[in-house]
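> If you scroll down you'll find the structure; I have some questions about it.
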Amino acid sequence: MLLKLARQSLWNRRGTALMTLFSLTISLVLLFGIDHLRKEARQSFTSTISGTDLIVGARSGQLNLLLYSVFRIGNATANVSWATYQRISKHPQISWTIPMSLGDSHRGYRVLGTNLDYFKHYRYANGQSLQFKEGQPFNEVYDTVLGAEVAAKLGYKLGDQITLAHGVGAVSFSEHKDKPFVVTGILAPTGTPLDQTVHVSLEGIEAIHLDWQQGAPMPGRSISAEQALTQDLTPKAITAFMVGLESRMATFVVQRQINEFKGEALSAILPGVALAELWQMLSMVENLLLLITLLVLVAGLVGMMTTLLASMKERQREMAILRAVGAHPWYLFVLIQLEVLLLTILALLAAAVTLVITLWALQDTLAGSYGLFININPFSLQTLYWAGAVLLVSAMLACIPAFTAYRRALNDGLAIRL
Amino acid sequence: MTGIQPVTDKPKIPAIELKNVLFYYQTAAWQLSLPELTLPQGQHLFIKGASGSGKTTLLNLLAGIITPKQGEIKLGGEPFSGLSPAKRDTLRARNIGVVFQQLNLISYLSVLDNVLLSAHFAGLNKAASEQRARALLQSLGLGPELITQQAAALSVGQQQRVAIARALLTRPALLIADEPTSALDADNRDSFMQVLLEQAEACQTSVIFVSHDASLRRYFNQQLDMQHLAQGVQPCC
Chain A
1 MLLKLARQSL WNRRGTALMT LFSLTISLVL LFGIDHLRKE ARQSFTSTIS
51 GTDLIVGARS GQLNLLLYSV FRIGNATANV SWATYQRISK HPQISWTIPM
101 SLGDSHRGYR VLGTNLDYFK HYRYANGQSL QFKEGQPFNE VYDTVLGAEV
151 AAKLGYKLGD QITLAHGVGA VSFSEHKDKP FVVTGILAPT GTPLDQTVHV
201 SLEGIEAIHL DWQQGAPMPG RSISAEQALT QDLTPKAITA FMVGLESRMA
251 TFVVQRQINE FKGEALSAIL PGVALAELWQ MLSMVENLLL LITLLVLVAG
301 LVGMMTTLLA SMKERQREMA ILRAVGAHPW YLFVLIQLEV LLLTILALLA
351 AAVTLVITLW ALQDTLAGSY GLFININPFS LQTLYWAGAV LLVSAMLACI
401 PAFTAYRRAL NDGLAIRL
Chain B
1001 MTGIQPVTDK PKIPAIELKN VLFYYQTAAW QLSLPELTLP QGQHLFIKGA
1051 SGSGKTTLLN LLAGIITPKQ GEIKLGGEPF SGLSPAKRDT LRARNIGVVF
1101 QQLNLISYLS VLDNVLLSAH FAGLNKAASE QRARALLQSL GLGPELITQQ
1151 AAALSVGQQQ RVAIARALLT RPALLIADEP TSALDADNRD SFMQVLLEQA
1201 EACQTSVIFV SHDASLRRYF NQQLDMQHLA QGVQPCC
C-alpha cells in the first residue's frame, strides 16, 4: 500500500515529476557518460603502445618525444643520424628496433617511414600485434600501407595510387607528385593513432626527398621515380626509433647509456612513464570535468527537493487524510522518502538507457573522427558505487521535505488548511 | 453533556468516555474544558459549534491526535489519551472513523483503494476487507462500476458516501464527522444523513457529528454545544 501510495501520488503529479525526472536523468547521464569517457579515454590512451621498452630521439623533453613518436602530435626538434641508429641497434642488450621517419603527410594524415620490423615488433593494447585487413607489408620503395581510418575515410583500396605532401598540414602546396605510392596493404583498426597513419618504407621517404633540400624542391634538379631507384636510398637520418630489449632488467642501464651517448645528444624515454606523466597532466582537466558534473548532479537533486518541498503545501489534505485513517507521522516521512527513491531509481534507469543508446549512436562518429574507441557498455562496479552514492545523497536530501511532512502531521492533525 | 442514558437497560461499554478533560494552547488565551462526556455504544452525539469555537481542537482530542493537558479519554473502555503516539495511531485506525467536511478522499487513488486505506492502517486482512468494502459501497449506493474510478471523478455527494464507507470499514466504535454535509445541497444532505446513521447502526458505531447547522439536530439523541466547553473564545461573526 505504501508503495502504491508513493507511485500513484507521483503519477498524480506527473507533470512536475516528469520534469524533475528529466533534469535528474540529464545530470546522471552527464555523470555516468563523463566518467565512462574518462575511463575509456585513459584506456585507449595507455593502450596506444605496448611492449616497447624505450623510445629514442634527439634530445628533448620526454613528453615531446612521446607525442610526436607515438601520438603523431607535434614535431621533432632534431633528427637522429643513421650511423648513430646503426650503432645503438647493435647494442648487445637490444633485441629489436623500429626506425621512424616523420615529417610528411597525405591529406592531413601523417606519413611514417619505417621498415618491416615495424609490422613484426610493434605492439599495442595488451601486446597485440598489427593485423592486416587486406594486402601485405610494403616490399617496393613506392609501396604504402594505410592505417584503417585513412583507408576508410579517403576510400582507398589496394592498388590505388597516392601522392605524399611535404610537411604535416592538412593542405600542402608542395607535394611529391612525381613519385606516387601504391597501396599494398590496409591495417585492421587498432583504436590508436596508428589508424591515422600512412606507412611507407624508409627508402621511399629517402627517394621522394632526393631532389629536395632544406624542405623545398631544388630548382633545376629533378630526379624521376625510376632514376631514384638506381641511387643509394639508405637514409641519412631518422626521426626516432623504438627499442625492445633482451631483458627488461636492463632498461635503466640502456636508457642511461643512450642518454650519455657521446656522438650525439639523444633522449631515451620509457613509454609507460611518459604516458603516465602525460595522463597526469590531462587528469586535472578530467577531474575538473568530473567536479562540474557532480555539481550538475547536486543541482538536479536539490531541484527535486525544491519541487517536493513546494508540493508539500498542496499535499496537506492528503497528509491529513492519511493521519485520520491512522497513519503514524513516520509513515508520512517514509512515504516522502519512498517517492524520492522511486524518482531517483527511475532517473538512474532512464540515464542508463539513454547513455547506452547515445554511446551506441555515437560510437562510429567517435571512432571515425577522434580515433576514440569506446565500449558501449558504460557499466562497471564503480558505476554501481556511483548509483549507490546518488541514492544515498537523495535519501539524505529527502529528509528535508519528509521531515516537513512529519512535523506538519504532528502539528496540524486533522485540521485541513485550504 | 449530562443525562446521557443508554438506549437499552443492558449496560454497555461506552464508545468514548471523557473525564475532567482540559486542553489549552501555550500561545492562546482560551481553554477547552469538558468535565464529563460518556457516549454509550451505538448512541449518537450532535456537537453544535461555529467555526473558530475550538471544534477542530476537540476533534483532534477525540481522535487522539493531541492529548489533553489534564483528565483522561477512554476509547471503548480502554485508556486512550495516555498511550504512546504510535499506539494511539493504531487505535485510531481500528476504532475511529473520520469524515471531513469535504475532499475526504485522496484524489489519485481509486474509490476502492481509498476505502481500503483504513483497513491497511488497522492491519486487517486484505481480501476480507475488500469484500466488505464492496458490500459497504454497494449499500451506500455506489455500484461496482464506480469503485474502480479515481476518487476525483466522483460528485461531492458520492465522495462523502465513499468517506462513510472508509470510516465504517473497520467497524469502529466511533465515527467522527466534521461538518460532512456542508458541501451538499438539501436533498443530498438528507440522504447522506440517512445512510450515515443507517450504516453506523448496522456496525454498532457511535457517531459524533459536528455542525453549525441546527436543523440536523433532529437526527440525534444527544447534543452538546461548543459554547459551553470553550472558555475565553472570541466567537466569530
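In order, the protein sequences belong to chains A and B.
Heads up: the first sequence runs through residues 1 to 418, numbered per the numbering used here.
Heads up: the second sequence runs through residues 1001 to 1237, numbered per the numbering used here.
No residue lacks a Cβ here, since even glycine has one placed at the ideal position from N, Cα and C.
Small disclaimer: the values here were computed from a predicted structure and weren't measured.
Counting only runs that start and end within the segment 1151–1230 of chain B, where is the beta strand (DSSP E) found for 3 or more residues in a row?
Here the runs fully enclosed are 1174–1178, 1206–1211 and 1222–1225.
> Would you list, in chain order, the members of the segment 312–336 of chain A that have their beta-carbon closer than 9 Å to a beta-carbon of chain B?
If the cut-off is 9 Å between Cβ atoms, the segment 312–336 of chain A has R317, E318, A320, I321, L322, R323, A324, V325, G326, A327, H328, P329, W330 and Y331 near chain B.
> Starting from B/L1022, follow the beta strand (DSSP E) in both directions and report where the run begins and ends.
Here residue 1022 of chain B corresponds to residue number 22 of the second sequence, with the count starting at 1. B/L1022 -> beta strand (DSSP E) spans P1014 to Y1024.
> So that I know if they touch, is there some Cβ in chain B lying closer than 8 Å to that of A/R417?
Here residue 417 of chain A refers to the residue found at position 417 when the first sequence is read from its first residue. Bear in mind that a pLDDT of 48 at A/R417, under 50, signals an unreliable position, so the number given afterwards is only what the model happens to contain. Answer no: the Cβ-Cβ gap between A/R417 and chain B never drops below 8 Å.
> I need the DSSP call for A/K39, collapsed to helix, strand or coil.
Translated into the one-based positions of the first sequence, residue 39 of chain A becomes position 39. Helix.
> What is the DSSP secondary structure of A/Q161, reduced to helix, strand or coil?
For the purposes of this step, residue 161 of chain A is taken as the residue at position 161 of the first sequence. Strand, per DSSP.
> With which residues is A/D232 paired in a DSSP beta bridge?
Stepping through the first sequence from its first residue, residue 232 of chain A is reached at position 232. Answer is none; A/D232 lacks a bridge partner.
> With a threshold of 8 Å, are at least 3 pairs of Cβ atoms found where one atom belongs to the segment 1–17 of chain A and the other to the segment 147–161 of chain A?
No contact exists between the segment 1–17 of chain A and the segment 147–161 of chain A.
> How about A/F138 and A/V198: are their beta carbons less than 8 Å apart?
Locating residue 138 of chain A in the first sequence gives position 138, where the first residue counts as 1. Locating residue 198 of chain A in the first sequence gives position 198, where the first residue counts as 1. Not a contact, by the Cβ cut-off of 8 Å.
> Quick check: the segment 1086–1096 of chain B against the segment 1112–1125 of chain B, are there 3 or more CB pairs under 8 Å?
Output reads yes: the segment 1112–1125 of chain B touches the segment 1086–1096 of chain B.
> May I have a chain-ordered list of the alpha helix (DSSP H) segments no shorter than 4 residues that lie completely inside the segment 1062–1115 of chain B?
Correct list: 1085–1095.
> Using a threshold of 8 Å, state whether the C-beta atoms of B/S1182 and B/Q1101 are closer than that.
Along the second sequence, one-based indexing puts residue 1182 of chain B at 182. Along the second sequence, one-based indexing puts residue 1101 of chain B at 101. It is a contact, given that the beta carbons lie within the stated cut-off.
> In this structure, how does DSSP classify A/P378 when only helix, strand and coil are distinguished?
Residue 378 of chain A sits at position 378 when you count from the first residue of the first sequence. If DSSP states are grouped into helix, strand and coil, A/P378 belongs with coil.
> Alpha carbon to alpha carbon, how far is A/A324 from A/R317? Give it in angstroms, no decimals.
On the first sequence, position 317 is the one that residue 317 of chain A refers to. On the first sequence, position 324 is the one that residue 324 of chain A refers to. Whole-angstrom Cα-Cα distance: 10 Å.
> For B/H1212 and chain A, any beta-carbon pair shorter than 8 Å?
Numbered from its first residue, the second sequence carries residue 1212 of chain B at position 212. With 8 Å as the cut-off, B/H1212 does not count as an interface residue toward chain A.
> Looking only at its chain, what residues have a beta carbon closer than 8 Å to the beta carbon of A/C399, apart from the 5 residues adjacent to it on each side?
Numbered from 1 along the first sequence, position 399 holds the residue referred to as residue 399 of chain A. For A/C399, where only same-chain residues beyond five positions count, the Cβ hits under 8 Å are Q337.
> Whose Cβ in chain B lies nearer than 7 Å to the Cβ of A/M1?
As a working mapping, residue 1 of chain A is identified with position 1 in the first sequence. By Cβ distance, chain B contributes H1120.
> So which residues of chain B does A/N12 contact, with C-beta pairs closer than 8 Å?
The count along the first sequence starts at 1 and reaches residue 12 of chain A at position 12. Within 8 Å Cβ-Cβ: S1107 and Y1108.
> Is B/N1125 close to chain A, meaning its C-beta is less than 8 Å from at least one C-beta of that chain?
Taking the second sequence and counting its residues from 1, one reaches residue 1125 of chain B at position 125. So, not an interface residue.
> Taking Cβ positions only, does B/N1089 come closer than 8 Å to chain A?
If you number the second sequence from 1, residue 1089 of chain B lands on position 89. In the sequence on display, residue 1089 of chain B carries Asp and not Asn. It does; some Cβ of chain A falls within 8 Å.
> Pick helix, strand or coil for A/R323, following the three-state DSSP scheme.
Indexing the first sequence from 1 puts residue 323 of chain A at position 323. Helix at A/R323.
> Whether or not the segment 1159–1171 of chain B and the segment 1056–1073 of chain B are in contact is what I'm after, with contact meaning three or more pairs of Cβ atoms, one per stretch, closer than 8 Å; do they touch?
Segments in contact, no.
> Nearest CA to the CA of B/K1087: which residue from A/P329, A/L37 and A/A276?
As a working note, residue 1087 of chain B is residue 87 in the second sequence. Selected option, being the one with the closest Cα: A/P329.
> Taking a Cβ distance cut-off of 8 Å, strictly less, list which residues of the segment 1046–1077 of chain B are near chain A, in chain order.
Within the segment 1046–1077 of chain B, the qualifying residues are T1056, L1059, N1060, A1063, I1065 and I1066.
> Under the rule that 16 or more other beta-carbon atoms within 10 Å means buried, what is A/E260, buried or exposed?
In the first sequence, counting from the first residue as 1, residue 260 of chain A sits at position 260. Its Cβ having fewer than 16 others within 10 Å, A/E260 is exposed.
> What three-state label does DSSP hand B/W1030 in the structure shown?
Along the second sequence, one-based indexing puts residue 1030 of chain B at 30. Reduced to three states, the DSSP call for B/W1030 is coil.
> Got a sec, what are the start and stop residues for the alpha helix (DSSP H) B/A1135 sits in?
One-based indexing of the second sequence puts residue 1135 of chain B at position 135. Element bounds for B/A1135: K1126 to S1139.
> Buried or exposed: where does A/T344 fall if 16 or more other Cβ atoms within 10 Å of its Cβ makes it buried?
To locate residue 344 of chain A, count along the first sequence from 1; it is residue 344. With 16 or more Cβ atoms within 10 Å of its Cβ, A/T344 is classed as buried.
> Pull up the distance between the alpha-carbon of A/R7 and that of A/V296, whole angstroms please.
To locate residue 7 of chain A, count along the first sequence from 1; it is residue 7. To locate residue 296 of chain A, count along the first sequence from 1; it is residue 296. Those two C-alpha atoms are separated by around 26 Å.
> Using only the alpha-carbon positions, how far apart do A/R72 and A/D178 sit?
Position 72 of the first sequence, counted from the start, is the residue given in the question as residue 72 of chain A. Position 178 of the first sequence, counted from the start, is the residue given in the question as residue 178 of chain A. Roughly 26 Å between the two C-alpha positions.
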